[in-house]
Amino acid sequence: MPTDSPEELPPQLPVAAQIQARNTEYNLDLSGRVTNMDEEALLTTFPVEIPEGTVLFSIIDLRVMNATVRGLIRVRWQSDADELGQYRTMADFVDLNPDERRKILRALGRPVDGAPATDEEAAHAQSTTYMPMSTVQARAPRARRAPWLPKVSISGLIWGVLGLIFYSIVVLGVVALFPQGRAWELSVWHQLVRELNHVWPGFDRMFGIK
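With our numbering applied, the sequence shown has no gaps in its numbers, which climb one by one up to 434 at the end.
Written as structure tokens, this is what we have:
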């Protein structure tokens with residue numbers, strides 16, 4: 225039977241925490257609800273009787289601060305089972321490391337003497353920290369294509385040039401069917417050869433064009 229009075233119990237948590245406890249010697253894998261806890265001991269409920277002095281490895285989920293406390297606990301006493309078959313269990317922490325102690329103190333709202341937050345708590349704080357827009361690096365604006373410009377591929381460009389050459393040949397062939405058109409076509413060819421001679425002297429002699 226427990227001898228601890230309510231004054232000797234650890235302080236009550238603002239929000240009850242969930243606990244998972246294991247012991248390979250007794251083949252125990254238990255879950256319970258922690259209502260009172262400090263950095264020295266905790267009060268929880270377990271569904272089975274556990275001998276006093278039994279050591280269990282525990283994982284306590286402090287959802288109120290998005291953190292977990294891991295460590296060994298030693299059963300101090302258990303009460304008789306209640307109407308739901310649960311045993312109130314008082315257990316002491318065994319060599320709880322400083323990081324886990326700080327998590328418990330933060331859950332109780334107690335000062336932690338300026339100790340740095342653990343990686344788990346820092347990650348949670350970073351995810352919820354406000355960042356002013358002045359500190360966010362602006363992205364360089366991307367060049368935008370005018371909506372009326374078509375997207376031209378290399379294959380499309382080649383087929384376009386071939387189509388232009390084909391239709392030009394067809395038009396010249398139709399124009400050459402008429403006498404006036406033939407004379408106009410010859411004048412165009414002579415003008416083209418003359419311009420090419422300015423750029424490439426001897427072009428007409430090279431290809432035998434008179």
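All C-beta atoms in this analysis are idealised placements derived from N, C-alpha and C, irrespective of residue type, glycine included.
Please read these numbers as outputs of a predicted model, since none were measured by experiment.
- Around the CB of residue 330, 16 or more other CB atoms lie within 10 Å, so the residue is classed as buried.
- For residue 274, no alpha helix (DSSP H) segment is defined, and its DSSP state is neither H nor E.
- Going by DSSP, residue 326 is part of the alpha helix (DSSP H) stretching over 322 to 331.
- Beta-carbon to beta-carbon, residue 239 and residue 287 are separated by about 7 Å, close enough to satisfy the 8 Å threshold.
- Distances from the alpha-carbon of residue 245 to those of 322, 262, 268 put 268 closest.
- Between residue 295 and residue 317, the C-beta spacing is below 8 Å.
- Close CB contacts of residue 260 within its chain, under the 6 Å cut and outside five residues either way in sequence, are with 233, 234, 236, 267 (chain order).
- At the C-beta level, residue 289 and residue 300 stay beyond 8 Å of one another.
- Counting only the Cα atoms, residue 325 lies some 12 Å from residue 291.
- In its chain, beyond the 5 residues on either side, 299 have a beta carbon closer than 6 Å to the beta carbon of residue 274.
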